[in-house]
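Chemist:
Number of protein chains: 2
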Amino acid sequence: MSEKALRYLQEHREDMLNRLYRFLSIPSVSTDSKHKQDIGKAADFLITYLEELSFTNIEKVETEGHPLVYGEYMEAGEDAPTVLLYGHYDVQPVDPIELWDSDPFKPELRDGRIFARGSSDDKGQVFMHLAVFEAYLKTAGKLPVNVKVCIEGEEEIGSENLYDLLQKNKEKFKADFAVISDSGMAEKNQPTILYGLKGFTGIEIKVTGPDHDLHSGMYGGAVRNPIMALSHILSSLKDKDEVITVEGFYDNVEDISDEERKLMDQAPGEDFIHATGIPEVASEKGYTAKEHTMGRPTLEVNGIYGGYQGEGTKTIIPSTATAKITCRLVPGQDPVDIQDKLVNHVNNSTPSGVTVEVKKEKLSAKAYKVEPTHPLIQKAAKSYTKAFNKDTVFLRMGGSIPVVEWFESIYQFPIVLLGFGTPEDRLHSPNESFPLDSFDKGMETLVYYWSEL
Amino acid sequence: MSEKALRYLQEHREDMLNRLYRFLSIPSVSTDSKHKQDIGKAADFLITYLEELSFTNIEKVETEGHPLVYGEYMEAGEDAPTVLLYGHYDVQPVDPIELWDSDPFKPELRDGRIFARGSSDDKGQVFMHLAVFEAYLKTAGKLPVNVKVCIEGEEEIGSENLYDLLQKNKEKFKADFAVISDSGMAEKNQPTILYGLKGFTGIEIKVTGPDHDLHSGMYGGAVRNPIMALSHILSSLKDKDEVITVEGFYDNVEDISDEERKLMDQAPGEDFIHATGIPEVASEKGYTAKEHTMGRPTLEVNGIYGGYQGEGTKTIIPSTATAKITCRLVPGQDPVDIQDKLVNHVNNSTPSGVTVEVKKEKLSAKAYKVEPTHPLIQKAAKSYTKAFNKDTVFLRMGGSIPVVEWFESIYQFPIVLLGFGTPEDRLHSPNESFPLDSFDKGMETLVYYWSEL
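Chains as they are written, first to last, in numbering that gives the first Met the number 0: chain A, 0 to 452; chain B, 0 to 452.
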């Protein structure tokens, strides 16, 4: 069954690439309202494809924002498992456009890569799934699994309406497990299964001193400087050993075992110093940089501002100073609890003479982890290894995918992160691309995986 | 002689205010190169006025930056003293413009105040001197003193070229004493003579981590956050007791005597809390807010920036973070020495994983102090008291006027600080204004002072 499907993919490669290019040509930028029509076109592209594949209950599910594309195939029989396939058809903006070597919405093949916005994140990977379904349906006449397709148009703007939609339509999206192809491999052609993602929470701290900027000569010595107060607060959150000093922050954090630490340290991936230009790495005392990024929680100040930012000097005591902070969380940490602890810490460490306002970031997510030994994961790894002819590595990632947590909290089913991107794909940046190797071998992996199940 | 001059000022008040408004309408912001032409216009305004007053040797003295306006009146005779009148025609930027209740460059009279950028600092006060000269010249046909006028266009950017100019033209600017009206009274209509000013120095700290902004999920845990590093540096400069913790910072600081502390504490002046809206004052441990502002050195962060400053969240580790710092110094402290100590401290307290670059602010000045019993000071006090009908108080001020130190170091002559601003003027802030009372009684004071001499 899989042999025929693979041959079909080879024979129709040209047509499929051309069809993918049409999909990539639609500028479905979700953050920019002037692309509202293009968002609609990209959703319609998917609906047409699903119709051709004879999926049923196809629906453009309207939301307060952009629609979600739904469709199902339930002909594999009651014994076959049902997979919920998640992806997104919206893309990031293309600015700064002048840094692109080719038009972001005119796909171009160069150096074995497809250059286009969305080629890797996530239209390319979504398309691969549909193409594999086509191959099975055109050759075997059926799919080895039941499928529910759920492809949203708001991932790049925080999946604002997805959680509510899932909550209100629990039965509709119900499945035995989920597959998400919206991530990458540790390096090109290195089969990689992500078995853990970090959670997420954040706050914004605004310190207010005087009600207007003051002359530092007239008031210096009488007034607490809001920037200095903010610095005292921030420096009390994390020490120079990169240990987060917020009370209770590490409570309930699941230890990473010695065995897992070894795996993390041996994991392939780019060299931090080479990739970032830093003079040396800085990680939590007692943990290597790889261990920290993959397995330990982090706290980062993402932005700060206050007072005079122009050229030269302006001798003021500013009225306010603001910092934005986000944390990446690990299993055991509850984002709401951590957010409360951050707020308490900030309130307790604010010096006299200023007031502080802490805004809680709305978006938050728990960390996610699945055992690498889970049969669904092991089968994915086997398919991956077979297609790429290389052992699969198992990684935890420092990033967060909120939908993963939502799936788990609503359905408690396993989630398989089968991503084919590479570190060189330049997601969210100019010159996004996706390797042809990933396109071909990724589809091969999917063919093996469905038949393996 | 003074009676007629006073009557002239009363009779021509409307015209004079209108002329002042024209001066204030010129956006002579010295720090912003796009206002270069406006700087020229403001200088020309002064030159035209001096020409009308039949001053001689009028000159727009070009510098590497903005020109200085010079002119002299030497008809008072050899027996009369020669005064060097210093002021500046440049102004601070107007940002944040949205906080102004009226256009900063369309002067508006409200609640007995002239609202405009520069109304108090320092165009308004410069103008008063010229108007008083006009009153004398139009009534008595002469001035009671010889005058050299020196009005620069770079005060708000640190008087970058003034010191060199004074050094190279010692003879030209030579006088028996100097008068500067670029300061304020302890409170509105309270005659105030400043007998001490603070010195000044500053640095800019730029912390660089990665060579581009990084995804906080992929790199958080491997990379030192430049904002956090900067916060550690800043919070190490001053503790929560407002004690500056830079090694050697207080070496050689002249103690303030118990008697002077008493005077400072009894000095009239606005209530800090009322004037600034702060919840409570914050001053150096062991000193009151008044003692600290007048007699103790300060260190302020004037501005900070780094990373994402827009709405919502952007989960990055920023590449850089920058802070601007200035200090106000007291007698005994050497600004160059203090600057070196700041640089050393920053270098020594920078954590690993980032690089730090400390830029030394070019402008620096020693603190200044004169004995309140000096006859030139006493005569100024008498004129002040006569015009305002209230005893004059003698104060030291937290602000710095570098030119005061330069005058003293070059000429060793006394400097009389005759300022008419008020604490409510909002210098350097939105809604700068100057009271009409100060405009009228200030000119009266000057009329008395010139005739007293």
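All C-beta atoms, glycine included, are put in the ideal place defined by N, C-alpha and C.
Once the 5 residues before and after I192 of chain A are set aside, which same chain residues still bring their CB inside 8 Å of it?
Modeler: As a first step, residue 192 of chain A must be located in the first sequence, where it is residue number 193. These residues qualify, in order along the chain: P371, I376, A379, A380, Y383, T391, V392, F393, L394, V415, L416 and L417.
Chemist: Can you tell which of B:F44, B:F406, B:E241 and B:V357 has the C-alpha that lies nearest to the C-alpha of E283 of chain B?
Modeler: Translated into positions along the second sequence, residue 283 of chain B becomes position 284. Comparing Cα-Cα distances from E283 of chain B to each of B:F44, B:F406, B:E241 and B:V357, the minimum goes to B:E241.
Chemist: Secondary structure at V357 of chain A, three-state DSSP: helix, strand or coil?
Modeler: As a first step, residue 357 of chain A is located in the first sequence; it is residue number 358 there, counting from the start. If DSSP states are grouped into helix, strand and coil, V357 of chain A belongs with the strands.
Chemist: Would you say Y85 of chain A and V144 of chain A are within 9 Å of each other, going by their C-beta atoms?
Modeler: Against the first sequence, residue 85 of chain A aligns to sequence position 86. Against the first sequence, residue 144 of chain A aligns to sequence position 145. Not closer than 9 Å, so no.
Chemist: Is the beta carbon of Y72 of chain A less than 9 Å from the beta carbon of V125 of chain A?
Modeler: To locate residue 72 of chain A, count along the first sequence from 1; it is residue 73. To locate residue 125 of chain A, count along the first sequence from 1; it is residue 126. It is not a contact, given that the beta carbons lie outside the stated cut-off.
Chemist: Would you mind listing the alpha helix (DSSP H) stretches within the region 283 to 337 of chain A that are 4+ residues and don't spill past its ends, in chain order?
Modeler: Correct list: 288 to 294.
Chemist: Which of the three DSSP states, helix, strand or coil, is assigned to Q234 of chain A?
Modeler: Within the first sequence, the letter at position 235 stands for residue 234 of chain A. In the sequence as presented, Gln is not what sits at residue 234 of chain A; that position holds Ser. The answer is helix: DSSP assigns S234 of chain A an H, G or I state.
Chemist: Throw me the rounded Cβ distance for the I316 of chain A and E299 of chain B pair, which I believe falls under 8 Å.
Modeler: Looking up residue 316 of chain A in the first sequence gives position 317. Looking up residue 299 of chain B in the second sequence gives position 300. That belief holds up - the Cβ atoms of I316 of chain A and E299 of chain B are roughly 6 Å apart, short of 8 Å.
Chemist: Just grab the DSSP bridge partners of T200 of chain A for me.
Modeler: Here residue 200 of chain A refers to the residue found at position 201 of the first sequence. A:C326, per the DSSP bridge assignment.
Chemist: Report the rounded CA-to-CA distance for K59 of chain A versus L445 of chain A, giving the unit in angstroms.
Modeler: Walking along the first sequence from the start, residue 59 of chain A turns up at place 60. Walking along the first sequence from the start, residue 445 of chain A turns up at place 446. Taking the straight line from one Cα to the other gives about 25 Å.
Chemist: Could you work out which residue in B:F271, B:G219 and B:K340 is closest to G469 of chain A when comparing CA atoms only?
Modeler: Since the first residue of chain A shown is 0 and the last is 452, residue 469 of chain A is not available in this structure.
Chemist: Looking at F412 of chain B and P79 of chain B, is the spacing between their C-beta atoms short of 9 Å?
Modeler: The sequence position of residue 79 of chain B within the second sequence is 80, counting from 1. The sequence position of residue 412 of chain B within the second sequence is 413, counting from 1. A quick correction: the sequence has Ala, not Pro, at residue 79 of chain B. Their beta carbons are not under 9 Å apart, which means A79 of chain B does not touch F412 of chain B by this criterion.
Chemist: Using a Cβ-Cβ cut-off of 8 Å (strictly less than) and excluding sequence neighbours within five positions of K389 of chain A, which residues of its own chain qualify?
Modeler: For this step, residue 389 of chain A is matched to residue 390 along the first sequence. Closer than 8 Å at Cβ, skipping near neighbours: N188, Q189 and P190.
Chemist: Verify whether the separation of the beta carbon atoms of H344 of chain B and E246 of chain B is less than 9 Å.
Modeler: On the second sequence, residue 344 of chain B is found 345 positions in, with the first residue counted as 1. On the second sequence, residue 246 of chain B is found 247 positions in, with the first residue counted as 1. It is a contact, given that the beta carbons lie within the stated cut-off.
Chemist: With a threshold of 7 Å on Cβ separation, who are the neighbours of P422 of chain A within its own chain once the five nearest residues in sequence on each side are excluded?
Modeler: Position 423 of the first sequence, counting from 1, holds the residue named residue 422 of chain A. Within the same chain, P422 of chain A has close Cβ partners G183, E186 and E269.
Chemist: If we cut at 9 Å on Cβ distances, does Q91 of chain B have a partner in chain A?
Modeler: Position 92 of the second sequence, counted from the start, is the residue given in the question as residue 91 of chain B. Cβ-Cβ to chain A under 9 Å: yes for Q91 of chain B.
Chemist: Quick one: grab the DSSP three-state call for K340 of chain B.
Modeler: Here residue 340 of chain B corresponds to residue number 341 of the second sequence, with the count starting at 1. It is helical.
Chemist: Can you pull the chain A neighbours of E180 of chain B, defined as C-beta to C-beta under 7 Å?
Modeler: Position 181 of the second sequence holds residue 180 of chain B. In the sequence as displayed, the identity of residue 180 of chain B is Ser instead of Glu. Ordered by position in chain A, no residue passes the 7 Å Cβ test against S180 of chain B, which lies about 16 Å from the chain.
Chemist: State the start and end residues of the unbroken beta strand (DSSP E) segment that holds K40 of chain A.
Modeler: Position 41 of the first sequence, counted from the first residue, corresponds to residue 40 of chain A. Looking at the DSSP string, K40 of chain A is not in any beta strand (DSSP E); the run it does join, the alpha helix (DSSP H), is K35 to E51.
Chemist: Starting from the C-beta of V357 of chain B, find all residues in its chain whose C-beta is less than 6 Å away, skip the five residues before and the five after it, and write them out in chain order.
Modeler: Counted from its first residue, the second sequence places residue 357 of chain B at position 358. Correct list, in chain order: I202, I204, V342 and V345.
Chemist: Can you tell which of B:D254, B:I303 and B:Y249 has the C-alpha that lies nearest to the C-alpha of T297 of chain B?
Modeler: The sequence position of residue 297 of chain B within the second sequence is 298, counting from 1. Considering only alpha carbons, the answer is B:Y249.
Chemist: State the start and end residues of the unbroken beta strand (DSSP E) segment that holds L84 of chain A.
Modeler: Start at 1 with the first residue of the first sequence, and residue 84 of chain A comes out as number 85. Note, L84 of chain A: beta strand (DSSP E), T81 to H87.
Chemist: To the nearest whole angstrom, what separates the beta carbons of A16 of chain B and I150 of chain B, a pair I think is in contact under 8 Å?
Modeler: Counted from its first residue, the second sequence places residue 16 of chain B at position 17. Counted from its first residue, the second sequence places residue 150 of chain B at position 151. A small correction: the amino acid at residue 16 of chain B is Leu; Ala does not occupy that position in the sequence shown. Not a contact, Cβ separation roughly 20 Å.
Chemist: Once the 5 residues before and after E443 of chain B are set aside, which same chain residues still bring their CB inside 6 Å of it?
Modeler: The sequence position of residue 443 of chain B within the second sequence is 444, counting from 1. Only A386 meet the Cβ criterion.
Chemist: Give a yes or no on whether 9 Å exceeds the smallest Cβ distance from F132 of chain B to chain A.
Modeler: Looking up residue 132 of chain B in the second sequence gives position 133. No - not a single Cβ of chain A is within 9 Å of the one on F132 of chain B.
Chemist: For F104 of chain B and G302 of chain B, I'd like the C-alpha separation in whole angstroms.
Modeler: In the second sequence, counting from the first residue as 1, residue 104 of chain B sits at position 105. In the second sequence, counting from the first residue as 1, residue 302 of chain B sits at position 303. The straight-line gap from Cα to Cα measures roughly 25 Å.
Chemist: Per DSSP, what kind of secondary structure is Y69 of chain A in: helix, strand or coil?
Modeler: The sequence position of residue 69 of chain A within the first sequence is 70, counting from 1. Of the three classes helix, strand and coil, the one that applies to Y69 of chain A here is strand, per DSSP.
Chemist: With respect to the alpha helix (DSSP H) encompassing V415 of chain A, which residues constitute its N-terminal and C-terminal limits?
Modeler: Taking the first residue of the first sequence as position 1, residue 415 of chain A is located at position 416. V415 of chain A -> not in any alpha helix (DSSP H); beta strand (DSSP E) instead, spanning I414 to L416.
Chemist: Do the CB positions of L362 of chain A and G157 of chain A come within less than 9 Å of each other?
Modeler: The residue given as residue 362 of chain A occupies position 363 in the first sequence. The residue given as residue 157 of chain A occupies position 158 in the first sequence. Their beta carbons are under 9 Å apart, which means L362 of chain A touches G157 of chain A by this criterion.
Chemist: What residues from chain A crowd round I25 of chain B, counting only those whose CB sits closer than 7 Å?
Modeler: Taking the first residue of the second sequence as 1, we reach residue 25 of chain B at position 26. Within 7 Å Cβ-Cβ: nothing; I25 of chain B doesn't reach chain A, min ~20 Å.
Chemist: Run down chain A in chain order and give the residues with a C-beta less than 7 Å from the C-beta of Y410 of chain B.
Modeler: Sequence index remark: in the second sequence, residue 410 of chain B carries index 411 (1-based). In chain order: nothing, as chain A lies at least about 24 Å away.
Chemist: By the 9 Å beta-carbon criterion, what residues does the region 305 to 317 of chain B contribute toward chain A?
Modeler: Going along the region 305 to 317 of chain B in chain order, one finds G305, G306, Y307, Q308, G309, G311, T312, K313, T314, I315, I316 and P317 with a Cβ nearer than 9 Å to chain A.
Chemist: Compare the Cα-Cα distances from D257 of chain A to each of A:R116, A:L164, A:V93 and A:G285 and report the closest residue.
Modeler: Within the first sequence, numbered from 1, the residue matching residue 257 of chain A stands at position 258. Considering only alpha carbons, the answer is A:G285.
Chemist: The region 397 to 429 of chain A: which residues have C-beta closer than 7 Å to a C-beta of chain B, in chain order?
Modeler: Residues passing the 7 Å Cβ filter: G397, G398 and S399.
Chemist: Does the distance from the CB of G276 of chain B to the CB of H427 of chain A come in under 9 Å?
Modeler: Within the second sequence, numbered from 1, the residue matching residue 276 of chain B stands at position 277. Within the first sequence, numbered from 1, the residue matching residue 427 of chain A stands at position 428. No, the pair does not count as a contact, with Cβ atoms beyond the cut-off.
Chemist: Would you mind working out which of B:T207, B:G70 and B:G311 sits nearest V82 of chain B, comparing C-alpha positions?
Modeler: Along the second sequence, read from residue 1 onward, the residue named residue 82 of chain B stands at position 83. Of the candidates B:T207, B:G70 and B:G311, the one whose C-alpha sits nearest the C-alpha of V82 of chain B is B:G70.
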